[in-house]
Amino acid sequence: MSFTHLHVSTAFSAHYGVSWPDELAQAAASHGATALACTDRDGLYGTVKHLKACMDAGVDPIVGVDLAVFDDDGDHRTQVAGRVVILAHGHTGGAGYRALCRLVSDAHARTSGKAGGVVPVAVTRAELASRTLHPETLKPVLTVLIGPQSDVGLAMGGRKYLRPRTLFKRWIDAMPPKTLATEIVTHLTPPGEALSTAHAVRMLKLAEEFGVPAVLSNAVRYVAEDGAPTADVLDAARTLKSLPELSAAPLLQPNGQAWLKSPEDMNQLGKEIMASAGYGARELTTLMANTEALADACRMDPVKDMGWKQPVVPEASVIGISGDPLVELTQRCEAGIGRRFPGISGEAERRMRSRLEHELRIIGNLGFASYFLTVAEVSRMIIGMGVRSAARGSGASSLVNYLIDVSHVDPLRHDLIFERFLSRDRSTLPDIDIDVESAERHNVYRKIFERFGAERVTLMSMQNGYRARGAVRDAGLALGMDEHEIGDIAKQLWRFSARKFREALEEKPELREFAGRVEHSGVEENHQLDLLVDLTERLDRLPRHISMHPCGVILGDVTLLDRTPVQPSGLGLPMSQFDKHDMDPMGMLKLDVLGVRMQSSMAFAVKEVVRIHGSKAEVTAAGKHPIQQDGKGPDFISDEGLIDLDAIPLDDEPTYELIRSTHTLGCFQIESPGQRELVGKMAPREFNDLIIDISLFRPGPMKSDMVRPFLEHRHGFAPEIYPHPDLKPWLKETHGVTVFHEQILRTFDVMTGCGLARADEFRRALGDEVKERKVEEFFRQGAKEKNYSPEVVDKVWTTIKAFGSFGFCKAHGAAFAVPTYQSAWLKAHHPEAFLAGLWEHDPGMYPKRLLVAEARRMGIPILPLDINKSQAEYRVEKVESGPGRGKLGIRLSLNGIYGLSGSELKRIVTGQPYDSLADLRTRARVSKPNIKRLAQLGAFDSLHRGTGSASNRADLVQHLQQLQNKPVRKGPEPLEGQLALPIGDVELANLASELPAPGMVENVRAELDLMAVDVSQHLMESHRPLLDRLGVTTADKLLGLRNGTEVLVAGVRVATQTPPMRGGRRVVFISVDDGTGCVDSVFFHEAQEKTGPLLFGTRLLLIRGTTRRTGPRGISLSASMAWDLSRIETLPFAESSQAAEFQLPGPLDGIERNLAITGLGS
Amino acid sequence: MGVFSESVEVVCNQAGQPMRLRWNGQDYEVQGEPLRWYERRQWWAEERRAPLGSGAGLVDHEIWRVQVGLQGNDGRGVSRSGLTLDLVRHVGSGRWRLLRIHDALRSNSSEPRTA
């Protein structure tokens, strides 16, 4: 007995389906099924995974969708009347799948792509009808199933017989012949209810009356009974209602019968329906035969119907070539040689040419020339837009990419291997990633759509699955628990998968309190907590929604939208329903155009340098750049003062000095606590050191302890060891330690002569138990044949086995090192412009306030908000008066003030300068609350002082508050063209002086509250007396202490990390900023136990620990205990009575913002 | 309609349909075709745990509506009176309980209970 399920939602039906495609396909196959459908709700989200799962399980895939249909009687924009299932016919040369894709896109075309849009995902019946036939042959290519969720099925309730009949007849009238079937479902609910056998019978009789074939289905949501409670929780998450509420409505699934039932079960259901209908075996046979006949019509040929694994690239004509793409590519490379290698000759030229021929031969064999030309076209387009860009990833391994300006790294110079990127043994399209300025990313996307045509381009999407925090929130919602309580629990969940919640309860100190509550059974609340843990685990990883992928753009030919359904993204541009895992299977060319904030920051800095200095001579002087023999500045600065960052020399000593100082906050890739420690230990001297540094600071090398031996050899503490002299040329740069993928490839090649392409295949096999054994066999045999001694072979294999699957691709490292170097260069030479760029684009891992503190530490004046001087962006400004006179400072931006709208901001800047508050109100039309906020931030201080009034900021804020409370009274509007008299600000001048001026703590609190940045003073400054009393050591003093000194440090949290560790025990790194710098502390197991909920829950920390010297310029802290600095009574005073003196509120008191201030979200 | 939850011993045929049951010290025989459906449970209020892999029976339970008659001492069925019962079978444990006795018929059936 066999039965084909034609209506199945996978987990990719977000907040609806429970089971993964492979679970479903495996179960179907074990039931003896020969085919299985995937009909996700609203889209083909799980379709490609379904194809793969079916192929793996040996069953034929059937693809379809479960869609809402607009109510023909209702408002076509918002009202839907039930859902239907649409199945694509197979073996139609793709016509069925094509129609399905287009139909799904139709269903999304009117939606906004934004959360909370009012237009539902749905099709009109007319759209549905128009897609069901082949446009040329007019044969049916889709079948629409009218089932229990359709308007017909939903009208079955009560005793209305006429209504469902009328509705059914409408379907028959509206749809072309032979495109309809009825879907008969019984979930064995109580007699007479929805999904009961009685309803199934009525549907069956309706079908019979109108001669429409009936098929049996189980409207599956989960693979087995166990999925039913998960489906309940998903219903709650989808509707944002608790289970008790849903149950009362009633809106939950009526029972838990929607699983992938076996053929025997389905046959039994069929029997029950027939018995209830008064029919017999003949009718049952017809029902089952109809089901299998429809299944047969819908069996898909993955290759012929859906283009499985057949790469499709844009037509040659679109990229402007008419001849052979390979010839064109060869010519462009030839043209690039003059640009990239001016004057190359002799041996160097011979090497370069032979490499080029080698690459072109492989590209030609694979037929990927038009792919390279496409990428080159995109790259050229981006450069043409004047946007900073850089190729990243293994694409940097290709000389072709370098010659056609896709990448900016010379692969010959850094020994990068083409086979790591592409070889004759790989048939999938390689990844080329392009980094662009983040602020320009959307413009680049739009330009790509424009350039290639909207029919050939779509954005890629990504699936967002449940992680621990989201899962616990939605599980709590389902149980109807208090939102705040759930929020408190969610806050403590820190980077573990929801699936391991119960395990985490036993292990993690920060969850100890919660675990205790779960354990204490008997009370109503605790009963819920136990369920909460179980339900959270159930939700783990289930897809929640799709969103625009941060960088993927899909490029295809004119048939692209026949091969993927699209829906609007939040950006407005269409987005494919397929994610990155679907690209290779569907033969889609994906380009990663990643917005990198650092690129925007650097572009901003370069523009500020030009704006403030304006000439080559001035920039040269300001940046202390070397003067050349002609008495002028360097070539990388234009006459106007524009710095070409891509042309700066890579051997600039002040840049390396800055890096070695470990004051690298804000620099790309090397600002994290761990990296600051590593650059301190390693002390980079040249560009290759940066490549190595970046490659070492990866989970793999850190985990497998590559770093320590490398540093020992580098500093000469231990002699370098090479397993064999033959390997020395390749391992020399890393002092004998294998760090790069490229070195693994070389090792294989040198010792076995296998060639680099096979070597890369071997490298990929490492870490896979079965494949790795074969690689070992081959390696040992090959090396033996080349006469390497068994000892050498053993030793090398141990290294390969240990490091091979962890190492880093040098091409990645090289591509990363470029912006690392450039950002450090800017920080060394133009720190004001660089920091302004960082504040503006916020590229790093830290809260912005730390980079403001960094400016303060570097002695760069931070210029306050000023209604006439502040712009919509941060600006470098020459300080005209005061302590910093003559220096360059950074003026705060009006952007990012809480409450101030974009249009108010625009009006303020357009109308500058203002001579009075009245002037500001009239011309910039700033709301009263925002005027008050600006006053709190001191934006009117200059205006105010100018009037000579004795009143202060507090008086002004009070005055504005009173105005805000008064009802609006319309005064006479000034006439157009009438100028206000230049009488200054009467309002400010006449302000009574009543209140004491606000103290520093209040000002800083206002800044933190409204801008999340402490501007006037570091927020720790006001805690100084307390810290002095406690005997706290400041960050700048730590370096002077001996290793192993016990100290107390204190500060505001700026970073919290739990990197993967060797040995598996969790280590927590917490960095705090005390105004003199960062203190990086590490909490090992015991310290975590002692610190408990404070680990992730506090903003201000007092930490006790011992110093660990990490290098000549680096010191960190091994923590033993921590306190919450805002809970004075808990702090370790010498005498407890001392606590009373310090019960004053600090700047952070009463401020809820956590993420923006500490970088730790809640 | 009374709502009960008393334990009942039920004997089923091979297809899983109840044939006979023993309740309150009396043996009953199922008459006619029983009706079976699955009804939702308020599992979030009734259960302490719902871990992954806990299997069937959390979200719904199996209900059988049966008409029964008292069985004579000789073990042969007698159809002195029809009694309609809703039985619930716990899918996980397979245990049966009596859920409801339908009022309309219950008055007819008071005799055998007191007999």
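Protein chains in written order, with my numbering: chain A, 152 to 1313; chain B, 4 to 118.
C-beta: ideal position from N, C-alpha, C; glycine also.
Contact set between residue i and chain A, taken where Cβ atoms lie within less than 8 Å
i, result
"B:R52", "D681, L682 and D685"
"B:W67", "Here the premise fails: no neighbours, minimum Cβ distance about 12 Å."
Residue i versus the options, residue with shortest Cα-Cα distance
i, options, result
"B:Q20", "B:G60, B:W40 and B:H105", "B:W40"
"A:G887", "A:I872, A:F899, A:S648 and A:L896", "A:I872"
"A:H156", "A:V454, A:C205, A:D193 and A:R1104", "A:C205"
"A:L841", "A:E808, A:E863, A:R602 and A:P860", "A:E808"
"A:V529", "A:A1148, A:T437, A:P465 and A:S393", "A:P465"
"A:I1041", "A:R282, A:E912 and A:P982", "A:P982"
"A:G817", "A:F868, A:D900, A:T806 and A:L1001", "A:L1001"
Coil, strand or helix - residue i by DSSP
i, result
"B:G80", "A caution first: B:G80 carries a pLDDT of 49, below 50, which makes its placement in the model unreliable, though a value can still be read off. Of the three classes helix, strand and coil, the one that applies to B:G80 here is strand, per DSSP."
"B:E50", "coil"
"A:S612", "strand"
"A:R1204", "strand"
"A:C1229", "strand"
"A:P1298", "coil"
"A:M699", "strand"
"A:R646", "coil"
"A:V454", "helix"
"A:S96", "Outside the shown range of chain A, which is 152 to 1313, sits residue 96 of chain A, and nothing can be said about it."
"A:Q1129", "Low local confidence applies: a pLDDT of 49 at A:Q1129 is under 50, so the model's placement there is unreliable, with the coordinate-based value given in what follows. Correct three-state label for A:Q1129: coil."
"A:V216", "strand"
"A:M632", "coil"
"A:Q779", "coil"
"A:G233", "strand"
"A:K741", "strand"
"A:S468", "coil"
"A:E759", "helix"
"A:D803", "coil"
"A:K1029", "strand"
Min CB distance residue i to chain C below 7 Å
i, result
"A:D377", "Of the chains in the structure shown, none is chain C; the protein chains are A and B."
Neighbour list for residue i in chain B, Cβ cutoff strictly below 7 Å
i, result
"A:D383", "V62"
"A:N406", "Y41, E42, R43, V62 and D63"
"A:H678", "R51"
"A:P380", "W46, A53, L61 and V62"
Rounded Cβ spacing between residue i and residue j (contact assumed at less than 8 Å)
i, j, result
"A:I1013", "A:A1006", "6 Å"
"A:D191", "A:G183", "In fact, because the Cβ distance is near 24 Å, the residues do not count as touching under 8 Å."
"A:K783", "A:K767", "7 Å"
"A:L357", "A:T333", "7 Å"
One or two residues paired with residue i in a DSSP bridge
i, result
"B:Y41", "B:E65"
"A:Y373", "A:W410"
"B:Y31", "B:L24 and B:L73"
"A:R1259", "A:S1267"
"A:P401", "DSSP output for A:P401 lists no bridge partner at all."
"A:S1336", "A question about residue 1336 of chain A goes unanswered here, because the residues of chain A that appear run from 152 up to 1313."
Chain A residues whose Cβ lies nearer than 9 Å to that of residue i
i, result
"B:L38", "P342"
"B:G58", "A375, E376 and D377"
Cross-chain neighbours of residue i in chain A, by beta carbon under 7 Å
i, result
"B:G3", "Residue coverage of chain B in this structure runs from 4 to 118, which leaves residue 3 of chain B outside it and unanswerable."
Under 8 Å by beta carbon: chain B residues contacting residue i
i, result
"A:E688", "P54 and L55"
"A:L403", "R43"
"A:L339", "R39, W40 and Y41"
"A:L630", "W47"
Where residue i meets chain B, residues with beta-carbon distance less than 9 Å
i, result
"A:S398", "R43, Q45 and W47"
"A:L394", "Q45, W46, W47 and A48"
"A:L662", "None at all; the shortest Cβ gap to chain B is about 18 Å."
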